[in-house]
Structures are given as structure tokens and as C-alpha cells.
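Position 77, counted from 1, in the sequence shown is what the numbering used here calls 78; the numbers after and before it change by one each time, with no gaps.
Every residue gets a Cβ at the ideal spot worked out from N, C-alpha and C, and that includes glycine.
Have a look at the structure below, then the notes.
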Amino acid sequence: MSIDQANKFGFTINRSRLIDYDASDRKVRDYITAREPSFRLCFACGGCTAACTAGHHTTFNLRRMNTYIRRGEIDPLREEVTRCMLCGKCLLVCPRGVNTRNVVAVAAEAIRKLDRNEL
Ligand code: SF4
Ligand code: SF4
């Protein structure tokens, strides 16, 4: 629904939170799901975020990173992937068996390729 359509119903959408999925860049998400299919199993429970070593010392949030990937929000994703220490603790708690550490590693690889126009 567009902002103009929403206005007709008596409410407005905050532009800063408006996410246009049709305009999102799916290249990074497709790259990750092709190489780490378990990424599709994530149901955003946040268990990995609660256990995350980097998250205890920085603003890193793995669940949020997964959301950036799904939405195709590349700019915040670019910064987020640099914070993971690849310790693997999140792997131990994921109830869906997502290979979370590899998701981060492949996401970082995808960003590097994107920046070199190889994606
Ligand atoms: S613990 Fe697994 S299912 Fe839950 S948010 Fe993290 S990756 Fe997704
Ligand atoms: S591998 Fe990365 S995301 Fe997982 S617990 Fe360690 S620092 Fe956090």
C-alpha cells in the first residue's frame, strides 16, 4: 500500500520505516541462500542474538542482520557483518539448525563481491 493510499484510510506510514520489497536488492539474499540453504529456516526467534559473543560487547544483532538480508538493506548489512567474530556460539542455540556462522561468512563474501561488481 502506498503512502497516498494509506492516507485515505486515516492513518499515515512513517517514511523512514517504509520498506519497498519490490525495490529491494535480492542479489545478496540469493547468493547466501544458494550457498547456505539453512538460512531459509530462520524464523527470527532471536536465540542466536541472546547468545552472541559479539552482541555482548557491541551493537551487533544477528537476528537484525538476517532481517537486513531478507529486506535487501545492503548499507546497514555492510557494517553489521564486520562485527561478528565467527566464534560459532550461535550455532549451538539455534532451534532451526541454521548454520549461522556460515551465514555471516557468506554474507561478508557477498558484500565483498558486490563492492567489486562481481555479484
Ligand atoms: S536462533 Fe536460528 S532461528 Fe532463531 S533468529 Fe537465530 S538463526 Fe534464526
Ligand atoms: S559466530 Fe558471530 S554471530 Fe555467532 S555468536 Fe559468534 S560473534 Fe555472534
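Going by beta-carbon coordinates alone, are residue i and residue j separated by less than 7 angstroms?
{"i": "Ile75", "j": "Asp26", "result": "yes"}
{"i": "Thr54", "j": "Cys88", "result": "yes"}
{"i": "Cys91", "j": "Ala51", "result": "no"}
Which residues in the same chain as residue i place their Cβ atom closer than 8 angstroms to its Cβ, once the five residues preceding and following it in sequence are excluded?
{"i": "Phe10", "result": "none"}
{"i": "Glu81", "result": "Phe61, Asn62, Arg65, Met66 and Tyr69"}
{"i": "Leu78", "result": "Val29, Met66, Tyr69, Ile70, Ala108 and Ile112"}
{"i": "Gly56", "result": "Thr50, Asn62 and Leu63"}
Measuring only the C-alpha atoms, how far is residue i from residue j?
{"i": "Cys85", "j": "His58", "result": "11 angstroms"}
{"i": "Asp31", "j": "Arg102", "result": "17 angstroms"}
{"i": "Glu37", "j": "Arg65", "result": "18 angstroms"}
{"i": "Val104", "j": "Thr13", "result": "36 angstroms"}
{"i": "Ser39", "j": "Ala24", "result": "25 angstroms"}
{"i": "Ile33", "j": "Val99", "result": "12 angstroms"}
{"i": "Arg97", "j": "Arg72", "result": "20 angstroms"}
{"i": "Ala35", "j": "Leu19", "result": "28 angstroms"}
{"i": "Thr83", "j": "Lys114", "result": "15 angstroms"}
{"i": "Glu110", "j": "Ser17", "result": "28 angstroms"}
Within a Cβ cutoff of 7 angstroms, which residues of the same chain sit near residue i, ignoring the five residues on either side of it in sequence?
{"i": "Cys49", "result": "Leu63, Arg64, Cys91, Val94, Cys95 and Thr101"}
{"i": "Ala106", "result": "Leu87"}
Just to confirm my understanding: we take residue i, look at its own chain, exclude 5 residues before and 5 after, and list those with CB closer than 6 angstroms. What are they?
{"i": "Gly47", "result": "Arg64"}
Counting only beta-carbon atoms, is residue i nearer than 7 angstroms to chain D?
{"i": "Ile33", "result": "No chain D appears in the structure shown, which is made up of a single protein chain."}
Discussion item. Quick check: the segment 36–51 against the segment 112–119, are at least 3 beta-carbon pairs closer than 8 angstroms?
Written reply: no
Practice prompt. Can you list the residues near ligand 1, meaning Cβ strictly closer than 7 angstroms to any non-hydrogen atom, in the order they appear in the chain?
Written response: Leu42, Cys43, Phe44, Ala45, Cys46, Gly47, Gly48, Cys49, Thr50, Leu63, Arg64, Asn67, Cys91, Val94, Cys95, Pro96, Arg97, Val99 and Thr101
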